[in-house]
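Numbering-wise, the sequence shown is residues 0 to 76 according to numbering that gives the first Met the number 0.
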Amino acid sequence: MFAQEVKLLQKYNDWAAYTSEGSPKVCFAVSQPRDSSPKNVRRGPIYFYVSHYPGDKIAGEISVKMGYPFAPGAKSP
0 MFAQEVKLLQ KYNDWAAYTS EGSPKVCFAV SQPRDSSPKN VRRGPIYFYV
50 SHYPGDKIAG EISVKMGYPF APGAKSP
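Pasting the structure below:
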């Protein structure tokens, strides 16, 4: 997700908080699901992020890495 180096700040239960080592400053928390269904689907790791970009005055931006590409033209439920 980030091209620059990041530093682990703290782990808390299923979450880990990181900050960027360079510029621009980025802080984010990341977690992975405890379980994934159905089991027979091939996919990569799934991540849920909550990011803050202080220089851009953006806080609480949500993003999800789904672990597989969506079909062209796919719509969210």
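We treat Cβ as the ideally placed atom computed from N, Cα and C, and that holds for glycine.
Which same chain residues, not among the five before or five after residue i, have their C-beta less than 6 Å away from its C-beta?
| i | result |
| --- | --- |
| F47 | S30, V63 |
| A58 | H51 |
With a threshold of 7 Å on Cβ separation, who are the neighbours of residue i within its own chain once the five nearest residues in sequence on each side are excluded?
| i | result |
| --- | --- |
| P32 | I45 |
| L8 | A16, Y17, T18 |
| G54 | P23, K24 |
How would you label residue i, buried or exposed, when you count the other beta carbons within 10 angstroms and need 16 or more for buried?
| i | result |
| --- | --- |
| Y67 | exposed |
| V40 | exposed |
| M0 | With a pLDDT of 49 at M0, under the threshold of 50, the modelled position of this residue cannot be trusted; read the value that follows with caution. With fewer than 16 other Cβ atoms within 10 Å, it is exposed. |
Give every residue of the same chain whose Cβ lies closer than 8 Å to the Cβ of residue i, excluding the five residues on either side of it in the sequence, and list them in chain order.
| i | result |
| --- | --- |
| E4 | S19, E20, G21 |
| M65 | R42, I45 |
Going by C-alpha distance, which of the options is nearest residue i?
| i | options | result |
| --- | --- | --- |
| F69 | I57, G43, A58 | G43 |
| E85 | F27, G72, K38 | Limits of the chain in this structure are 0 at one end and 76 at the other, which puts residue 85 out of reach. |
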